[in-house]
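Trainee:
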Amino acid sequence: MFDVYTPDILRCRKSGVLTGLPDAYGRGRIIGDYRRVALYGIDYLMKDKLAQFTSLQADLENGVNLEQTIRLREEIAEQHRALGQMKEMAAKYGYDISGPATNAQEAIQWTYFGYLAAVKSQNGAAMSFGRTSTFLDVYIERDLKAGKITEQEAQEMVDHLVMKLRMVRFLRTPEYDELFSGDPIWATESIGGMGLDGRTLVTKTASVS
Numbered sequence: 001m002f003d004v005y006t007p008d009i010l011r012c013r014k015s016g017v018l019t020g021l022p023d024a025y026g027r028g029r030i031i032g033d034y035r036r037v038a039l040y041g042i043d044y045l046m047k048d049k050l051a052q053f054t055s056l057q058a059d060l061e062n063g064v065n066l067e068q069t070i071r072l073r074e075e076i077a078e079q080h081r082a083l084g085q086m087k088e089m090a091a092k093y094g095y096d097i098s099g100p101a102t103n104a105q106e107a108i109q110w111t112y113f114g115y116l117a118a119v120k121s122q123n124g125a126a127m128s129f130g131r132t133s134t135f136l137d138v139y140i141e142r143d144l145k146a147g148k149i150t151e152q153e154a155q156e157m158v159d160h161l162v163m164k165l166r167m168v169r170f171l172r173t174p175e176y177d178e179l180f181s182g183d184p185i186w187a188t189e190s191i192g193g194m195g196l197d198g199r200t201l202v203t204k205t206a207s208v209s
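Start counting the sequence shown at 1; every next residue gets the next number (UniProt numbering).
Right under this line is the structure:
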């Protein structure tokens, strides 16, 4: 990464004006949208990737932006394959994530599987969880109003999610353990805040996360 930095960037980095540059956080600061697994289900996401892949066929055959088209088709094919592997991983845990989540428990579990798959494949030291509490609150509130779960059960679900996020530390490759043995796991999440339209993003779930 240092080869592409300008002299000004290098000076700013050295003096501490700029921090968090990709030379130090290239793998560790990936923020995936893990909510998509719960919202759509794996089958829909795979179908969408297949459609994206097919849509590039004409450009490939006509030689339009050939290098970029080939690279994009390869990346989409890898994404499609990774989604299938995620589905297989969840099945080993006894879950079928082919369809969208239908309740709070599934929404939490499906979202977690998306994060777990990313962590296992990237091995980054700090993989952000993104903004999920606001998303999960929709499912939890719906189940609470329907009488499917209690406040205590909702709290337990959130607690279990936090425990699982901590436990991904032990689900990585042996090579990672050899390099970072004894290190904790950093799984940062954006909680609360304000939307661009001024509405609050603080939810009941955010307060117990």
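Even glycine gets a Cβ: it sits at the ideal position worked out from N, Cα and C. This one's a predicted model, so the numbers in the text were calculated from it and none came from an experiment.
How is the alpha helix (DSSP H) around Tyr-44 delimited, first residue to last?
Mentor: From DSSP, the alpha helix (DSSP H) with Tyr-44 extends over 42 to 55.
Trainee: Taking the alpha carbon of Gln-85 as the reference point, which residue from Leu-66, Ala-51, Met-46, Arg-166 has its own alpha carbon closest?
Mentor: Looking at the Cα atoms, Met-46 is the closest of the given residues.
Trainee: Using the three-state DSSP reduction, which class does Gly-114 fall into: helix, strand or coil?
Mentor: It is helical.
Trainee: If the criterion is Cβ atoms closer than 9 Å, does the pair Lys-87 and Ile-76 meet it?
Mentor: Cβ distance not < 9 Å, so Lys-87 and Ile-76 don't count as in contact.
Trainee: Find out if the Cβ-Cβ distance for the pair Ala-101, Tyr-139 is shorter than 9 Å.
Mentor: A contact, by the Cβ cut-off of 9 Å.
Trainee: Measure from the alpha carbon of Thr-132 to the alpha carbon of each residue in Thr-6, Pro-7, Asp-3, Ala-206, then state which is nearest.
Mentor: Residue Ala-206 is the option with its Cα nearest to Thr-132.
Trainee: On the criterion of 16 or more Cβ atoms from any shown chain inside 10 Å, does residue 231 qualify as buried, or is it exposed?
Mentor: Not covered by the structure: residue 231. The range shown for the chain is 1 to 209.
Trainee: So what's Thr-19 in DSSP terms, helix, strand or just coil?
Mentor: Coil, per DSSP.
Trainee: Mapping the DSSP letters down to three states, classify Met-194 as helix, strand or coil.
Mentor: Met-194 falls in the strand class under three-state DSSP.
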